[in-house]
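Reading through the structure tokens given below for one structure.
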Ligand SMILES: C[C@@H](N)C(=O)N[C@H](C)C(=O)O
Ligand SMILES: [Zn+2]
């Protein structure tokens, strides 16, 4: 076990005492980023909605294909060490409702990405340099706030994805939510995803059929805590 493993509980404890209130520091772009575990833990202690929760622990039948934990992504590089999906507590509740509704139809969700540490967004932008398909380092992504989800729908009988306009992270106009030149069934599938997500508190991102922002995202800071640290905190709590 590493020194960091032993240091983490102490750091978390030190910053999380009652009434302890630290400002969120700004980075070189003037963006407020929660980049230390103590500050994150303090925010969670003050408001449990801020907790980043592992989605599969709470929705066990949700499917995951965490592309950035593999090389099967637009970076062609493994960006995460753990194939996990974390999100904030109210986002998790909304997803539970979506999954319940889909399950009643013999369908379910498959997640490609959820909370994404800010450092990863910066790396994406350095490669892609495109503010439509990738968030900029000066704004950060709603994924960094634990409030965006990239996902699709699967058929529970065979685990297969419903046919959608493009594969995940196809950065072309075909990914637009209103791209019209598609078979009727594909348009219906895209509409089903959009309808069920919007009904449950999300807004569709018009350039990417798979991306949805939780409507309360402004309440949550851009965060840069690694999955490994979230996992360690989980074992402490
Ligand atoms: C990179 C892609 N999956 C994505 O999430 N894009 C949006 C715009 C983002 O980076 O927030
Ligand atoms: Zn996304």
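Numbering (my numbering), first residue to last: 1 to 237.
For each residue, glycine too, the CB sits at the ideal point set by N, CA and C.
Q) Considering only residues of the same chain and omitting the five flanking positions on each side of residue 18, which have a CB-CB separation below 7 Å? A) For residue 18, the predicted structure reports a pLDDT of 47, less than 50, and the residue's modelled location is therefore unreliable. The matter cannot be settled from this model.
Q) Helix or strand or just coil, what does DSSP make of residue 55? A) helix
Q: Tell me whether residue 23 is buried or exposed, calling it buried when 16 or more other Cβ atoms sit within 10 Å of its Cβ.
A: exposed
Q. Under the three-state reduction of DSSP, which class applies to residue 98: helix, strand or coil?
A. helix
Q: Output the distance between the C-alpha atoms of residue 219 and residue 140, rounded to the nearest integer angstrom.
A: 14 Å
Q. When every heavy atom of ligand 2 is checked, does at least one fall within less than 7 Å of the C-beta of residue 148?
A. yes
Q.
Quick check: what's the CA-CA separation for residue 205 versus residue 131?
A. 13 Å
Q. When we look at the beta-carbon of residue 198 and count the other beta-carbons within 10 Å, is it buried (16 or more) or exposed?
A. exposed
Q) With a Cβ-Cβ cutoff of 8 Å, do residue 192 and residue 152 count as a contact? A) no
Q. Which residues in the same chain have their Cβ closer than 6 Å to the Cβ of residue 119, if we skip the five residues on either side of it in sequence?
A. 224
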